[in-house]
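Here the structure is laid out as structure tokens; the discussion comes afterwards.
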Amino acid sequence: MQIGPHRLANHLFVAPMAGVTDRPFRQLCRRMGAGYAVSEMVTSRKDLWNSLKTSRRANHEGEQGPIAVQIAGTDAPMMAEAAAYNIARGAQIIDINMGCPAKKVCSKWAGSALMQDEPLALEIVEAVVAAAAPQGVPVTLKMRTGWCETEKNAVRIAQAAENAGVAMVTVHGRTREQGYKGAAEYTTIAAVKAALRIPVVANGDIDSPQKAKEVLALTGADAIMIGRAAQGRPWIFREIAHFLATGQELPAPTVAEASDWLVEHLLEHYSLYGSLTGMRTARKHIGWAVRDLPGGEDFRQAMNRLESCEAQIQALQQWFATLGADYERLPYLAKRESPPTMAATDNDDDDDDPKQQQE
Ligand SMILES: Cc1cc2nc3c(=O)[nH]c(=O)nc-3n(C[C@H](O)[C@H](O)[C@H](O)COP(=O)(O)O)c2cc1C
3 MQIGPHRLAN HLFVAPMAGV TDRPFRQLCR RMGAGYAVSE MVTSRKDLWN
53 SLKTSRRANH EGEQGPIAVQ IAGTDAPMMA EAAAYNIARG AQIIDINMGC
103 PAKKVCSKWA GSALMQDEPL ALEIVEAVVA AAAPQGVPVT LKMRTGWCET
153 EKNAVRIAQA AENAGVAMVT VHGRTREQGY KGAAEYTTIA AVKAALRIPV
203 VANGDIDSPQ KAKEVLALTG ADAIMIGRAA QGRPWIFREI AHFLATGQEL
253 PAPTVAEASD WLVEHLLEHY SLYGSLTGMR TARKHIGWAV RDLPGGEDFR
303 QAMNRLESCE AQIQALQQWF ATLGADYERL PYLAKRESPP TMAATDNDDD
353 DDDPKQQQE
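Position one of the sequence shown corresponds to residue 3 (my numbering), numbered consecutively onward.
See below:
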């Protein structure tokens with residue numbers, strides 16, 4: 003699997019999720035077998051580049067390459083500037099967000115709203131490619147199947163993007179109108195794959211190794227991208243890799259392994275956000291990690307009342323130690339029926355947050 007000059011470790015990608023896939027989480031997913039991780043989106047609004055949020059999102063310290071930064075916006079020259087700005091700060095791949103349904107982004111005509119205005123979408127793609135290509139930086143595009151059920155224009159936009167020099171297209175198998183409702187469909191993704199020469203990535207509702215195999219077969223895609231199912235279960239990547247390679251299910255991680263990985267993740271998380279914000283934003287990651295385990299909900303509620311990083315770590319270690327006394331491996335209560343739509347809790351105004359979108 004190759005994006006421009008960058009050869010990837012495998013074809014299992016972690017999806018960009020604002021408020022979730024920050025650097026520590028991307029690094030955890032990479033350790034757990036994801037071959038590629040795209041950053042949370044960075045706004046094309048210059049006045050926000052010095053904000054704490056954007057500077058954290060542009061922080062790639064120690065991150066394994068290629069460094070891929072997603073940009074979102076509505077104005078072609080501003081998007082080109084945003085690409086140049088992020089390339090100067092280490093981005094090796096620029097991803098354009100045309101997949102995001104959040105209300106506030108859409109009212110500014112960014113994200114998936116761009117799919118309704120094909121000339122503007124293409125203008126943005128051309129401007130970003132013109133800014134990135136001279137630096138040898140490939141541009142990729144993330145989109146949905148279309149604006150609405152009767153306007154599924156993914157193939158047309160993807161072809162135009164390929165002709166404009168885009169190096170890879172990711173398609174989430176829902177329309178903008180659908181938000182996160184209903185099920186993702188893979189027929190349109192297969193049509194995009196059949197129409198393009200560049201790599202195509204299938205995304206939407208992949209939540210198990212079996213589903214990963216099925217979606218690869220249905221779409222013929224070059225890679226798959228996983229978002230919500232990796233929340234709290236980043237080991238899904240190694241489970242999928244194992245299943246694709248052997249046809250056998252990998253046993254769940256041991257309780258001790260999971261506890262150690264989560265603690266390492268939390269320490270990285272606190273060091274990026276500082277203790278107060280870090281302690282608060284870590285709650286969602288801890289909640290996701292324990293929610294399908296026996297007693298997980300009670301623990302989540304108690305943990306949400308703790309007010310320091312040290313107390314969080316200690317409680318998590320104790321809880322896992324108690325669980326480990328009864329079980330060697332993570333005893334998931336039930337297979338998740340569908341990926342959760344729990345969203346980021348930091349109220350980002352530009353997030354692709356299913357909760358915001360449903361409001
Ligand atoms: C909390 C959250 C934040 C997201 N943020 C972004 C984003 O910043 N950019 C983007 O292109 N997609 C974003 N998405 C969409 C995901 O990348 C992905 O397309 C979608 O969740 C479907 O994949 P899944 O079913 O594997 O979760 C976000 C999704 C969630 C749940």
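From the three backbone atoms N, C-alpha and C, an ideal C-beta is built for every residue, glycine too.
Cut-off 6 angstroms between Cβ atoms - residues of its own chain near residue i, not counting five sequence neighbours on either side
i	result
GLY92	HIS62 and ILE69
LEU30	PRO236 and HIS267
HIS174	GLY101, ARG146, ASN205 and GLY206
GLY298	VAL292
VAL40	PRO18, ALA70, GLN72 and ASP97
ALA134	ALA85, ILE96 and VAL141
Distance CB(residue i)-CB(residue j) smaller than 9 angstroms
i	j	result
SER53	GLY75	no
ALA225	TYR87	no
ILE73	MET43	yes
ALA162	GLU120	yes
ALA192	GLY222	yes
SER261	LEU318	yes
GLY67	HIS13	no
MET170	PRO201	yes
GLY289	GLY138	no
Member of the options whose CA lies at the smallest distance from the CA of residue i
i	options	result
GLU65	ALA247, ASN306, THR23 and GLY184	THR23
GLY229	ALA223, PRO211, LEU218 and GLY206	GLY206
LYS213	ALA11, LYS286 and ILE242	ILE242
LEU335	ALA317, LEU295 and PRO253	LEU295
LEU116	ALA132, ILE98 and VAL131	ILE98
GLU153	GLN118, ALA133 and LYS183	GLN118
PRO140	HIS174, ALA85 and GLU187	ALA85
ILE96	LEU50, HIS244, GLY326 and THR172	THR172
MET309	ARG32, ALA291 and THR279	Checking the sequence, you will find Glu at residue 309 rather than Met. Here the closest residue by C-alpha is THR279.
SER210	LEU50, ALA90 and HIS244	HIS244
VAL127	GLU83, CYS150, ALA90 and GLU151	GLU83
ALA186	MET170, ALA196, VAL202 and ILE208	ILE208
ILE89	ALA17, VAL16 and ALA132	ALA132
ASN155	ALA123, ILE200 and VAL292	ALA123
C-alpha gap between residue i and residue j, whole angstroms
i	j	result
ASP77	ARG25	27 angstroms
VAL168	ARG240	29 angstroms
THR343	ASP328	Here the model assigns THR343 a pLDDT of 48, short of 50, so the residue's position is not dependable, and the following value carries that caveat. C-alpha separation (whole angstroms): 30 angstroms.
ARG59	ARG176	26 angstroms
MET145	THR190	12 angstroms
PRO79	GLU125	9 angstroms
LEU10	ALA36	10 angstroms
VAL194	PRO333	39 angstroms
GLU179	CYS102	11 angstroms
PRO341	GLN94	Reliability fails at PRO341, whose pLDDT of 47 lies under 50, so the model's placement of it is uncertain and no value is given.
LEU252	PRO136	44 angstroms
VAL265	TYR272	11 angstroms
GLY184	GLY276	38 angstroms
MET305	GLN233	18 angstroms
PHE301	LEU269	20 angstroms
LEU274	ALA313	18 angstroms
PHE322	ARG32	23 angstroms
CYS150	GLY181	10 angstroms
ARG28	ALA284	14 angstroms
TRP51	SER57	7 angstroms
ALA129	LEU246	38 angstroms
MET281	ASN165	46 angstroms
ASP49	LYS55	12 angstroms
VAL16	LEU143	15 angstroms
MET81	THR248	43 angstroms
GLN358	GLN303	Here the model assigns GLN358 a pLDDT of 39, short of 50, so the residue's position is not dependable, and the following value carries that caveat. Each residue's Cα considered, the two are about 23 angstroms apart.
Residue i - partner residues in DSSP beta bridges
i	result
GLU153	CYS150
ASN205	HIS174 and MET227
PHE15	TYR38 and MET227
ASP97	GLN72 and THR142
ARG331	THR256
GLN4	ARG9
THR45	ALA74
Same chain, Cβ closer than 8 angstroms to residue i, neighbours up to 5 away in sequence not counted
i	result
PRO255	TRP237, TRP263, ARG331 and LEU332
GLN250	HIS244
GLN4	LEU10 and PRO201
VAL157	THR190, ALA193, VAL194 and ALA197
CYS311	LEU268, TYR272, SER277, GLY280, MET281 and ALA284
ARG199	GLU164
is_contact[residue i, chain B] using C-beta, thresh 9 angstroms
i	result
LYS154	Protein chains in the displayed structure number just one, and chain B is not present.
Cβ-heavy atom distance, residue i to ligand 2, below 8 angstroms
i	result
TYR182	For the structure depicted, ligand 2 is absent and the ligand set comprises only ligand 1.
Own chain partners of residue i with C-beta closer than 7 angstroms, once the 5 adjacent residues on each side are dropped
i	result
GLU216	none
GLY326	VAL257 and ALA258
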